[in-house]
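Taking it in order: structure first as structure tokens, then the write-up.
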Amino acid sequence: MAMESVELPSRWGVRPSRNEVVIAGAVVQIGCTDPSSVKLVEQELWQREEKQLIDILPVCDEAESIMVGPVLYPSNGAVAEHGERNLKNQSGISDSHKLDGKNQQEVFHCHNRGVAARALNLSRGAEEPSGRVTYTIVREGLCRFIVQELTARGTSCTARISPVDMTKAEMEQAGQDPDFIALARQFKATAMELISALEQKQKTSRRTKVLLETISIHKLSDIFVASFEISFQEQLSMLNSVDLKVRLSKAIEYIDRHLQSIRVVKKILKAVEVQLSMSQSKFLLRPQMRAIKEKLGDNDDDDEDDMAALKTKIQSAGMPPDIWERAHRELRSLKMMKPQQPGYSSSLVYLEFLANLPWQKISEDHGLSLRAVKMHLDRDHYGLVKAKQQIIDCLAVHKLNPDIRFPVFCFVGLPGIGKTSLVASIAAALGRKFIHISLRGMKDEADIRGRWRAYMGSRPGRLIDGIKRVGVCNPVILLDDIDKIGSMSVETPAVVLLKVLDFKQNKAFNDRYLNVPFDLSKVIFMATANEVQSISPLLLKRMEVIELPGYTPEEKLKIAMQYLIPRVLDQHGLSSEFLQIPEGIVKLVTRRYTREAGVRNLEQNLAALARAVAVRLAEQDHATSLHKDMHQLSSSILESRLAEGAEVEMKVLPIDVDSQEISSTTRLHSPVVVDEDMLENVLGPPRFVDGEIADHVATPGVSVGLVWTEYGGEIQFVEATAMTGKGDLCLTGQLDDVIKESAQIALTWVRVMAADMKLALDEKTNLMESRDIHIHLSAGAVPKDGLSAGVALVTALVSLFSKRRVRADTAITGKMTLRGLILPVEGIKDKILAAHRYGIKRVILPEGNLKDLVEVPSAVLASLKIIFAKQMEDILEEAFEGGCPWR
Ligand SMILES: Nc1ncnc2c1ncn2[C@@H]1O[C@H](COP(=O)(O)OP(=O)(O)OP(=O)(O)O)[C@@H](O)[C@H]1O
Numbered sequence: 001m002a003m004e005s006v007e008l009p010s011r012w013g014v015r016p017s018r019n020e021v022v023i024a025g026a027v028v029q030i031g032c033t034d035p036s037s038v039k040l041v042e043q044e045l046w047q048r049e050e051k052q053l054i055d056i057l058p059v060c061d062e063a064e065s066i067m068v069g070p071v072l073y074p075s076n077g078a079v080a081e082h083g084e085r086n087l088k089n090q091s092g093i094s095d096s097h098k099l100d101g102k103n104q105q106e107v108f109h110c111h112n113r114g115v116a117a118r119a120l121n122l123s124r125g126a127e128e129p130s131g132r133v134t135y136t137i138v139r140e141g142l143c144r145f146i147v148q149e150l151t152a153r154g155t156s157c158t159a160r161i162s163p164v165d166m167t168k169a170e171m172e173q174a175g176q177d178p179d180f181i182a183l184a185r186q187f188k189a190t191a192m193e194l195i196s197a198l199e200q201k202q203k204t205s206r207r208t209k210v211l212l213e214t215i216s217i218h219k220l221s222d223i224f225v226a227s228f229e230i231s232f233q234e235q236l237s238m239l240n241s242v243d244l245k246v247r248l249s250k251a252i253e254y255i256d257r258h259l260q261s262i263r264v265v266k267k268i269l270k271a272v273e274v275q276l277s278m279s280q281s282k283f284l285l286r287p288q289m290r291a292i293k294e295k296l297g298d299n300d301d302d303d304e305d306d307m308a309a310l311k312t313k314i315q316s317a318g319m320p321p322d323i324w325e326r327a328h329r330e331l332r333s334l335k336m337m338k339p340q341q342p343g344y345s346s347s348l349v350y351l352e353f354l355a356n357l358p359w360q361k362i363s364e365d366h367g368l369s370l371r372a373v374k375m376h377l378d379r380d381h382y383g384l385v386k387a388k389q390q391i392i393d394c395l396a397v398h399k400l401n402p403d404i405r406f407p408v409f410c411f412v413g414l415p416g417i418g419k420t421s422l423v424a425s426i427a428a429a430l431g432r433k434f435i436h437i438s439l440r441g442m443k444d445e446a447d448i449r450g451r452w453r454a455y456m457g458s459r460p461g462r463l464i465d466g467i468k469r470v471g472v473c474n475p476v477i478l479l480d481d482i483d484k485i486g487s488m489s490v491e492t493p494a495v496v497l498l499k500v501l502d503f504k505q506n507k508a509f510n511d512r513y514l515n516v517p518f519d520l521s522k523v524i525f526m527a528t529a530n531e532v533q534s535i536s537p538l539l540l541k542r543m544e545v546i547e548l549p550g551y552t553p554e555e556k557l558k559i560a561m562q563y564l565i566p567r568v569l570d571q572h573g574l575s576s577e578f579l580q581i582p583e584g585i586v587k588l589v590t591r592r593y594t595r596e597a598g599v600r601n602l603e604q605n606l607a608a609l610a611r612a613v614a615v616r617l618a619e620q621d622h623a624t625s626l627h628k629d630m631h632q633l634s635s636s637i638l639e640s641r642l643a644e645g646a647e648v649e650m651k652v653l654p655i656d657v658d659s660q661e662i663s664s665t666t667r668l669h670s671p672v673v674v675d676e677d678m679l680e681n682v683l684g685p686p687r688f689v690d691g692e693i694a695d696h697v698a699t700p701g702v703s704v705g706l707v708w709t710e711y712g713g714e715i716q717f718v719e720a721t722a723m724t725g726k727g728d729l730c731l732t733g734q735l736d737d738v739i740k741e742s743a744q745i746a747l748t749w750v751r752v753m754a755a756d757m758k759l760a761l762d763e764k765t766n767l768m769e770s771r772d773i774h775i776h777l778s779a780g781a782v783p784k785d786g787l788s789a790g791v792a793l794v795t796a797l798v799s800l801f802s803k804r805r806v807r808a809d810t811a812i813t814g815k816m817t818l819r820g821l822i823l824p825v826e827g828i829k830d831k832i833l834a835a836h837r838y839g840i841k842r843v844i845l846p847e848g849n850l851k852d853l854v855e856v857p858s859a860v861l862a863s864l865k866i867i868f869a870k871q872m873e874d875i876l877e878e879a880f881e882g883g884c885p886w887r
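The UniProt record's numbering numbers the first residue of the sequence shown as 1 and each following residue consecutively.
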């Protein structure tokens with residue numbers, strides 16, 4: 001917005017208003033609810049595309065005012081026919097009212113100055129059953145004007161006006177005035193103080209500081225004053241302050257007063273806070289007080305009250321009788337103790353903990369409805385058909401025979417595949433509270449079982465603590481990453497879990513801190529793991545394993561469009577009216593920025609886009625410059641305006657109100673549609689380049705392997721090179737011993753093969769023996785099946801020595817024996833999904849892996865050629881264009 005550039009029409013419509021002064025620079029939200037206002041808004045604003053200029057003229061009894069009237073107010077809301085009356089700028093008389101049966105006539109005074117305002121946004125409320133609608137307009141005050149002549153006509157007025165703000169040249173001249181410079185400095189200092197005072201309250205103060213730096217001082221004074229409440233008279237006096245020095249002095253005065261009031265409120269709040277923390281520390285100070293009182297021989301009424309309260313709490317906690325008795329015994333000994341005695345506080349804290357445990361409290365169980373579970377699972381997850389069916393089948397068995405324990409599902413799959421979210425959906429369908437316990441790296445049994453009260457750092461275990469936190473004894477507890485819990489030796493968390501998941505034993509779970517049995521049989525346990533192989537077989541026996549496959553790019557696209565984007569928009573307070581992420585962009589994000597089996601990174605990248613738009617909206621300066629064709633717009637509303645007496649609710653929006661906030665209550669801007677440029681701006685340069693594989697295998701000596709890692713299937717480039725030396729083998733790429741051995745086997749096999757083909761390869765064989773070989777395996781994710789790199793290692797070496805390039809569309813996996821036999825490998829499904837992800841078209845697998853293909857989605861299989869190999873020669877035959885180079 002540039003006030004200097006505002007050109008006002010010489011005549012236009014004004015809306016007299018009794019309760020509002022729009023200060024230039026202020027953004028004001030107004031609700032229009034009465035029929036005549038609504039009709040005018042519909043005609044002049046709602047049905048037009050362009051934003052309109054409207055304005056406000058305060059009604060007042062001031063000397064500087066113009067008398068207007070009589071103006072008719074239809075008692076039934078209809079606009080009445082009537083004559084016109086012309087009034088020149090003159091001193092007014094006091095307001096008067098005349099009632100004539102149906103219509104109310106009024107003569108009133110309008111202030112002779114007003115502010116031109118522009119409608120930034122307009123929103124229509126939901127239609128009521130009576131057909132009544134309401135509108136909310138957000139307007140921005142632009143510049144001051146003075147009224148030369150005012151004509152009352154029906155419920156509206158037309159004014160002949162002229163601008164009153166200082167011109168640019170006048171302002172520049174005023175800027176040289178030393179008094180003005182001093183005032184401007186003082187204004188900025190006061191405004192800064194205000195921002196600092198508000199800093200703890202509002203996150204947006206950074207934006208306000210930026211305003212202070214960038215907006216010219218004459219606007220700032222208006223904007224700041226408009227941001228807090230001042231009286232109607234003070235608003236009028238701001239409106240009248242055309243002279244910059246006067247305006248700044250007034251602004252300083254009002255801001256300073258506002259600052260004082262903030263400080264007073266802060267002081268009061270601080271006093272309240274002190275009182276609050278006093279009551280918290282009462283609990284801790286009480287024992288000391290008791291000791292002091294004892295010394296002084298005072299009575300102990302307060303403590304007795306506290307003990308009585310604790311006793312009542314214990315009684316009503318619903319503990320089993322034997323535990324109740326133990327608690328009472330402990331309470332009795334506590335009463336006998338002196339507060340300064342060792343063990344007093346720990347006993348008090350323990351009894352409080354015992355009394356607060358939900359011994360019998362359960363959340364209202366919705367009962368097991370298979371339909372509800374299915375509905376929740378489908379509502380929250382795309383696909384996963386097999387897993388969903390397995391869940392329903394297991395639950396159906398339990399429903400038919402409730403004596404069978406509730407199944408402990410263990411969802412197994414790669415990160416971001418939806419394991420946790422399936423558990424959350426089941427908990428929601430059952431109406432149970434949900435506790436998430438991560439077992440990753442848990443080594444100490446005390447983490448699950450707690451630590452004795454007698455020990456330093458005594459505490460309850462994670463299970464009991466979680467149950468106390470949710471306040472019910474029948475939650476769903478998710479044991480996350482159960483495959484990472486470590487070994488099953490004596491006194492490890494794994495052994496404790498074994499007991500927890502045993503329904504004969506968990507009725508009396510013994511948390512060491514609690515030191516009394518707690519019934520966990522109402523808890524529903526579920527678990528997640530990345531791989532079944534790492535779960536202890538004993539634990540595995542107690543669970544129903546449900547494996548989740550990785551997603552294909554097509555599935556990811558659907559998940560993103562139908563689930564992730566709506567969720568991410570919602571989390572950032574946006575909707576499709578603000579941000580649209582087309583399918584093509586989602587595909588690019590998947591291809592260029594993520595290479596995962598699940599959708600976690602995809603979701604994070606989409607969230608980054610949403611965050612960028614949210615920030616952009618928040619920082620956008622909504623004070624945009626005036627429409628060029630303002631004359632035309634303003635004249636179009638010359639004849640019809642919002643009626644005086646309208647039911648108007650006015651709210652001044654804060655200084656740093658952003659367009660997101662405006663648009664959340666009003667009509668929206670056109671949405672941001674993410675394109676490739678924006679993608680790179682927000683997410684940075686692509687992490688994975690299209691055509692990456694072709695680039696890698698462009699030179700001989702490189703092959704593409706398929707490996708299995710903690711994060712799912714991955715492709716792995718094997719690069720081999722040779723240099724003069726003694727025939728040594730050098731390996732790089734953070735490799736473990738298994739891969740090193742595979743490399744040694746691969747080199748031996750290649751050398752033997754080359755030796756067998758002496759004639760054709762004489763020269764190359766010599767080269768091999770007199771050269772050091774360096775093999776590098778691309779890092780990224782560390783492979784968990786080192787042996788399966790064997791075939792890719794051989795292929796890279798054959799490519800190096802034959803100087804033939806490996807096919808860029810082919811990836812290989814398989815375990816090779818020293819004699820070149822190919823054996824089955826693990827993780828075929830994930831490896832094939834990885835190949836599909838990278839756009840590979842041919843995959844060479846060991847013959848023994850045929851049955852693993854059942855697990856691979858048929859759409860993926862259809863897009864790939866699967867080739868089975870029995871011998872290393874078969875692989876070489878397929879890996880090179882035109883067949884094995886050494887045949
Ligand atoms: N099929 C799906 N449909 C919709 N959203 C999904 C689907 N799969 C995963 N998601 C979403 O992806 C995100 C990551 O899923 P979740 O946290 O459940 O992964 P996880 O398998 O538990 O991963 P980790 O092993 O790392 O804990 C969540 O927001 C989840 O809702």
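Where is the CB? At the ideal position from N, CA and C, for every residue including glycine. Predicted model only: the values in this text are computed from it and were never measured.
Per DSSP, what kind of secondary structure is residue i in: helix, strand or coil?
i	result
I137	strand
P700	coil
N121	strand
T709	strand
I524	strand
V568	helix
E229	coil
T721	strand
I435	strand
H381	coil
F411	strand
R451	strand
P553	helix
G83	The predicted position of G83 is uncertain, since its pLDDT is 34 and thus under 50; no value can be drawn from it.
R405	coil
R687	coil
Is residue i near residue j, with beta carbons less than 8 Å apart?
i	j	result
K433	V472	yes
V615	A527	no
R842	K865	yes
A746	V794	yes
T552	V860	yes
G712	A560	no
residue 891	E547	Shown here, the chain extends from 1 to 887; a query on residue 891 therefore has no answer.
L706	I812	yes
A796	V702	yes
E577	P671	yes
Which residues does DSSP pair with residue i in a beta bridge?
i	result
S162	I146
I844	I812, I867
D243	Note: D243 sits in no beta bridge, so no partner.
Can you give me the Cβ contacts of residue i inside the same chain, cut-off strictly under 7 Å, excluding the 5 residues immediately before and after it?
i	result
L731	K740, A743, I775
V682	A608, L609, A612
E234	Y254
Can you name, in chain order, every residue of its own chain whose Cβ lies under 8 Å from the Cβ of residue i, other than the five neighbours on each side?
i	result
I715	I693, V704, G705, L706, V707, A811, A834, A835, Y838, I840
E649	Note that E649 has pLDDT 44, beneath the 50 cutoff, so the model's placement of it is unreliable and the number below is only indicative. Answer for E649: I30, G31, T33, listed in chain order.
Is the beta carbon of residue i within less than 7 Å of some heavy atom of ligand 2?
i	result
G598	No copy of ligand 2 appears in this structure; the ligands present are ligand 1.
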